[in-house]
Amino acid sequence: MDRNRTTARSWARSAALALTVGIAVTVCAPTASATPAAPAAPAPAAPAPAAEPSTAAEAATLVARSGQQLEALAEQVNEARELAGQQLAAAEVAAGQAATAQAAVDAFAPQLRAIAQHGYAGNHRSRLEVLLTSSSADDLVQQLGMLDVLAAETDDMITQVAAARRTALDAQAAADAAAAAAQGTVATLEGQQRDLQAQQDGYEADFARLTAAQRERVTTVLAGPTLAAPTAAAVTASAAAAPTEAAGVAVQTALAQVGDPYVVGAVGPNGFDCSGLTMFAYAAAGVSLPHSSRSQSQMGTPVSRADLQPGDLVFFYSPVSHVGMYIGNGQMVHSSVTGRPVAVTSVDKSGYVGARRVTA
1 MDRNRTTARS WARSAALALT VGIAVTVCAP TASATPAAPA APAPAAPAPA
51 AEPSTAAEAA TLVARSGQQL EALAEQVNEA RELAGQQLAA AEVAAGQAAT
101 AQAAVDAFAP QLRAIAQHGY AGNHRSRLEV LLTSSSADDL VQQLGMLDVL
151 AAETDDMITQ VAAARRTALD AQAAADAAAA AAQGTVATLE GQQRDLQAQQ
201 DGYEADFARL TAAQRERVTT VLAGPTLAAP TAAAVTASAA AAPTEAAGVA
251 VQTALAQVGD PYVVGAVGPN GFDCSGLTMF AYAAAGVSLP HSSRSQSQMG
301 TPVSRADLQP GDLVFFYSPV SHVGMYIGNG QMVHSSVTGR PVAVTSVDKS
351 GYVGARRVTA
C-alpha cells in the first residue's frame, strides 16, 4: 500500500514537471478543444500533400489553409495541457486523501497488536476463570461486567479498523485511477506537441517561399486587415463603455499588447497565442479563463452580434479554434497568426461563430 501510494504521488510530481516544458514555436491558433473535464480530442490528421500550386493566388490560398489547420492544432494542444494540469492536481489530491486514510488505519496499530498478543477470545476464556476464582457473588458480577465492557470496546475498535481499511483502499484506488488518467492525457499531449512542431515547421517553410504580397494575403485571410491601433483616448473610451469594470480592465490590458508577437502556447507577457491573450487580459482584471479558445467559448453568457460590448470574447470557426476580444466600433483585438503581431482588426472577419460575455 505504501509503495503504491508513493509511486502515484511520485509519478504525479514527475508529470507535473514534464508539463512545464513548453514548445517554443510561433503560430496562431483556432482551437478545437473539449470541455476541461472531458478527454482531449485526438489530434487532426496531417493533410495529404497538395499538388504544386499553378498560380501565386493558389499558393497563398494553400498556405492560408495550412495556417488554419495549424491554428486548430495549436489550440487543441492548449486544451490538452489544461486538462492534464487539472488531472495532475486531482491525482495529487487523491494521493493525499489516500495517505490520510491509511494514517487512520495505522493509528489502530497499537490496539491491534495488543489484541494479537492476548487473543480476541481471551476475554471469553477468562469468564470461566472468573467463575472459578470469584470470592463472592458481588465480585463475580463486577468482574463479568468489566469483561463485557472490554469485549464491547474490542468489537467496536475492530469495526472502526475495518471501516478505516475500506476507506483507505477506496482512496488508494481513486488515487491510482486519477494518476492513470493524467498519465494518459500527458501522453496524448506529448504526441500533439510533436504533431504541432512538424506542422509548424512545414507552415513556416511554405510561408517563407511566398512573395511579400502573398504573405500579406495569407495573414489577411487568417487575421483580417490590420487597422490602426486606437489612440489613448479611444482606449479609455472603449474601456469606459465596457459593461463591467473587469471587462474594461481586460480591454485596456489587451490593447496594451498590440504589436507583441504571436507565439504558440504563450500567455505573455511578451508574446501570445489567441486564447493566451484573452486569458492574460482577463487575469489582469481578476477573472480566470482557461488557456483554450473552445473552453472559453463555453464560459459566461452568449451575446448576439448586435449586442456586442467591449470586453466580450468573439469566436471563430467550427469547432471553435480562435478567439479575440471585442473593443467596440465593430473592431476586435487578437493574436492571430505567425508573422502578424497582436493587432486590431474588424470583428467581421471570416469564420465568426458567436460571442460570450464572461463578466456580469
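Its first residue numbered 1, the sequence shown is counted upward by one per residue in the UniProt record's numbering. Think of the CB as a built atom: it goes at the ideal place given N, C-alpha and C, for glycine as much as any other residue.
The beta strand (DSSP E) with Gly328 in it runs from where to where? Numbered from its first residue, the sequence shown carries residue 328 at position 328. It spans His322 to Gly328 - the beta strand (DSSP E) in which Gly328 sits, taken as one unbroken run.
According to DSSP, is Ala37 part of a helix, a strand, or is it coil? Numbered from its first residue, the sequence shown carries residue 37 at position 37. Residue placement at Ala37 is flagged as unreliable, the pLDDT there being 39, under the threshold of 50; the coordinate-derived value follows with that caveat. DSSP places Ala37 in coil when its eight states are reduced to three.
Can you tell me the Cα-Cα spacing of Val264 and Asp273, whole angstroms? Numbered from its first residue, the sequence shown carries residue 264 at position 264. Numbered from its first residue, the sequence shown carries residue 273 at position 273. Using only the alpha carbons, I get a separation of about 5 Å.
Segment contact flag, the stretch 191-198 with the stretch 57-75, C-beta cutoff 8 Å, min 3 pairs: yes
Met299 - partner residues in DSSP beta bridges: Counting from one through the sequence shown, the residue named residue 299 turns up at place 299. Paired residues: none, contrary to the question.
Pull up the distance between the alpha-carbon of Arg165 and that of Ala281, whole angstroms please. Position 165 of the sequence shown, counted from the first residue, corresponds to residue 165. Position 281 of the sequence shown, counted from the first residue, corresponds to residue 281. Their Cα atoms are separated by approximately 48 Å.
Assuming Ala254 and Met299 are in contact, meaning their beta carbons sit under 8 Å apart, how far apart are those beta carbons, in whole angstroms? Your numbering for residue 254 matches position 254 in the sequence shown. Your numbering for residue 299 matches position 299 in the sequence shown. The pair is not a contact, with the Cβ atoms about 16 Å apart (cut-off 8 Å).
Is it true that the CB of Gly67 sits closer than 7 Å to the CB of Val287? The count along the sequence shown starts at 1 and reaches residue 287 at position 287. The count along the sequence shown starts at 1 and reaches residue 67 at position 67. Contact: no.
Straight-line Cα distance separating Thr188 from Gly339: Counting from 1 along the sequence shown, the entry for residue 339 is found at position 339. Counting from 1 along the sequence shown, the entry for residue 188 is found at position 188. Roughly 28 Å between the two C-alpha positions.
Contacting residues, own chain, Cβ-Cβ under 7 Å from Val353 (five flanking each side not counted): Here residue 353 corresponds to residue number 353 of the sequence shown, with the count starting at 1. Counting only Cβ-Cβ distances below 7 Å, and skipping sequence neighbours, we find Phe315, Phe316, Tyr317, Ser318 and Val320.
Alpha-carbon spacing of Val347 relative to Ala178, whole angstroms: Position 347 of the sequence shown, counting from 1, holds the residue named residue 347. Position 178 of the sequence shown, counting from 1, holds the residue named residue 178. Rounded to whole angstroms, Val347 to Ala178 spans 41 Å at the Cα level.
Could you check where the beta strand (DSSP E) with Arg209 kicks off and where it finishes? Taking the first residue of the sequence shown as 1, we reach residue 209 at position 209. Looking at the DSSP string, Arg209 is not in any beta strand (DSSP E), and its letter there is neither H nor E.
How about His322 and Ser293: do their beta carbons lie closer than 7 Å? Numbered from 1 along the sequence shown, position 322 holds the residue referred to as residue 322. Numbered from 1 along the sequence shown, position 293 holds the residue referred to as residue 293. Contact: yes.
Distance check for Gln97 and Ala268, CA to CA, integer angstroms please. Counting from 1 along the sequence shown, the entry for residue 268 is found at position 268. Counting from 1 along the sequence shown, the entry for residue 97 is found at position 97. The amino acid occupying residue 268 in the given sequence is Gly; Ala does not appear at that position. Their backbone Cα atoms lie some 35 Å apart in a straight line.
Complete alpha helix (DSSP H) runs within the UniProt domain "NlpC/P60" (244-360) (minimum length 4 residues, chain order): 245-255, 274-283 and 293-296
Using the DSSP secondary-structure output, state which residues sit across from Thr226 in a beta bridge. On the sequence shown, position 226 is the one that residue 226 refers to. Paired residues: Thr345.
Note down, in chain order, each residue of its chain lying with its Cβ closer than 7 Å to the Cβ of Asn270, except the 5 sequence neighbours on either side. Within the sequence shown, numbered from 1, the residue matching residue 270 stands at position 270. Closer than 7 Å at Cβ, skipping near neighbours: Asp260.
N-terminal and C-terminal residue of the alpha helix (DSSP H) that Thr236 is part of: As a position in the sequence shown, residue 236 is number 236, starting the count at 1. Thr236 -> alpha helix (DSSP H) spans Ala232 to Ala240.
Closest to Gln87 by CA distance: which of Gly351, Ala180 and Glu245 is it? As a working note, residue 87 is residue 87 in the sequence shown. Nearest of Gly351, Ala180 and Glu245 to Gln87, Cα basis: Ala180.
According to DSSP, simplified to helix, strand and coil, what is Ala107? For the purposes of this step, residue 107 is identified with residue 107 of the sequence shown, where counting begins at 1. Coil, per DSSP.
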